[in-house]
Amino acid sequence: MQIYKVGGAVRDRLLGKPVTDIDWVVVGATTEEMLAKGFRPVGADFPVFLHPKSGEEYALARTERKSGRGYGGFTFHASPEVTLEEDLIRRDLTINAMAEDDQQNLTDPYHGQRDLEERILRHVSPAFAEDPLRVLRVARFAARYAELGFNVAPETLELMRQLSESGELEALTAERSWKEISRALMEDQPQVFIQVLRDCGALKVLMPEVDALFGVPQPEAHHPEIDSGLHTLSVLEQSALHKQPLTVRWACLLHDLGKGLTPEEEWPRHIAHEHKGLKLIKAVNERFKAPKDCQELALLVGQYHTHGHRALELKASTLLELLQSFDVYRRPQRFEEFIVACEMDARGRKGLEQRSYPQADYLRGAANVARGVAVQPLLEKGFKGPELGEALKRERLKALKVYKESAAS
Ligand code: ATP
Ligand code: MG
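Per numbering that gives the first Met the number 0, the very first residue in the sequence shown carries number 0; after that it's consecutive.
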């Protein structure tokens, strides 16, 4: 049997990027031989094994044929006769379809190295269209390598467009989509992911709520970039520039969905878009079965981001309600993520990226003040049950009034 490194490990070595996980392909072997060598099978009927020591993935060279809709609709053919070239042709992009032996001899039948040099993301063969997940993968690689100047080849974008129009994208499971989306959002330029999905028509299918923001104007005085879609891309970009976690990035992407619902007569104003957007945020959350913390933060940021921006003008009672809604007493981290999401929203405006955002520290201070109100003295006064809750609220309100006054002076 011959063993080759394939995929990302070869690509990233040639790009001079750190290689984290290595995928291997094994040519000329049978399942029985792999098991005899101590490899552990990954799934019952899938020719992929884990190395007994390193735990890395070793896949028998295989060919694939599409036999139905979605990912389930694939048949595999793995046998010792399948060649390396046959295995490589089923891969998504030319830059991912190179293999390397232990002497670093490159096998590159589909010119991945040339495309690496020319900074092109190009599909390997028309079979690309057999797995709609590749639309998301290409957009993700576009985001990852945007910084190096990579672009999607026009003919690949065209295939992606056809896939998006064919209805195949709908066949993707929430789990597979979310895995790509969440990885893409964690790249340095996640806005490129969304932009590429939009360019090929996939955004309209996957997240019509986000797609609908493009072409919707906002008041120029607050939003020099005007377009709501461009604003959303900038907010997402800021969240990556500021190294925010996935929860915040997800919330940034979805925070303004309500603006897509504003009747044209009301443009460029978006009255109550925060509230109107909630059902859309919920729909997107559920479509991709986003993790609970992402879902929660997106809804809270959607509902309250304008409160964040107006923090310094909020009455002490409104401030308290905000803090209560976030349960800052038990969930301090979530409120902090809300604050930074608001800051990213403010910075995601053309020409205002560097403007200071005093609301952030003001909100942090308010949370500290509310949290600082001690329960013990109230217990000692004999409050319990709902009355204790009420008394605690009164004390917090008092403290916030003092805080607000001292911040104003
Ligand atoms: P990463 O750095 O994100 O791990 P990678 O290219 O190694 O990038 P993997 O998901 O680990 O990506 O997949 C390994 C290889 O398997 C890819 O390089 C590609 O050749 C192939 N591959 C993975 N998923 C697909 C797919 N859906 N369609 C076609 N080829 C795929
Ligand atoms: Mg990999």
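Cβ atoms here follow ideal geometry from the backbone N, Cα and C, with glycine treated the same way.
- Exclusion of residue 107 from the 6 angstroms shell around the ligand ATP follows from its C-beta lying no nearer than that to any non-hydrogen atom of the ligand.
- Linking residue 368 to residue 18 through their CA atoms gives a straight-line distance of about 46 angstroms.
- Scanning its chain for C-beta atoms nearer than 7 angstroms, with the 5 sequence neighbours on each side dropped, one finds around residue 370 the residues 327, 328, in chain order.
- Around the beta carbon of residue 230, a 10 Å sphere encloses 16 or more other beta carbons of the protein chains shown; the residue is thus reported as buried.
- Looking at the DSSP output, residue 23 shares a beta bridge with 4, 57.
- Rounded to whole angstroms, residue 312 and residue 169 show a C-alpha spacing of 45 angstroms.
- Taking the CA atoms as reference points, residue 304 sits about 12 angstroms from residue 247.
- Annotated as proximal: residue 181 and residue 245, with beta-carbon spacing under 7 angstroms.
- Comparing C-alpha distances from residue 338 to each of 321, 350, 284 shows the shortest one belongs to 321.
- Per DSSP, residue 81 is not a residue of any beta strand (DSSP E), being assigned neither H nor E.
- As DSSP reads the structure, residue 150 sits in a beta bridge with 119.
- Nearest neighbour of residue 197 by Cα position, chosen from 211, 186, 56, 318, turns out to be 211.
- About 10 angstroms separates the Cβ atoms of residue 239 and residue 192, ruling out a contact at the 8 angstroms cut-off.
- Just so you know, the alpha carbons of residue 162 and residue 203 end up roughly 12 angstroms apart.
- Contact annotation: the stretch 373–384 does not touch the stretch 271–284, with fewer than three C-beta pairs closer than 8 angstroms.
- Counting C-beta pairs with one atom in each stretch, the stretch 0–16 and the stretch 112–128 have three or more that are closer than 8 angstroms, which means they touch.
- Taking each of 402, 29, 259 in turn and checking the Cα distance to residue 208, the smallest one comes out for 259.
- Comparing alpha-carbon positions, the option among 274, 224, 391, 344 lying closest to residue 251 turns out to be 344.
- Look at residue 207 here: in three-state DSSP terms it is helix.
- Taken from the Cβ of residue 11, every heavy atom of the ligand MG lies 6 angstroms or farther away.
- For residue 22, the CB falls within less than 6 angstroms of some heavy atom of the ligand MG.
- Remark: the C-beta of residue 64 is outside contact range of the ligand ATP, defined as less than 6 angstroms to any heavy atom.
- Residue 222 holds the alpha-carbon nearest to the alpha-carbon of residue 352 among 332, 287, 222.
- Close CB contacts of residue 350 within its chain, under the 7 angstroms cut and outside five residues either way in sequence, are with 223 (chain order).
- The stretch 131–150 makes no contact with the stretch 100–108: fewer than 3 CB pairs, one atom from each, lie closer than 8 angstroms.
- Taking all protein chains shown into account, residue 405 has fewer than 16 neighbouring C-beta atoms within 10 Å of its C-beta and is therefore exposed.
- The beta carbon of residue 173 sits closer than 7 angstroms to those of 286, 287, 288, all from its chain and outside the five residues before and after it, given in chain order.
- Proximity to residue 127 across 219, 391, 194, 89 peaks at 89, based on C-alpha coordinates.
- In this structure, residue 121 sits near residue 152, with a CB-CB distance shorter than 7 angstroms.
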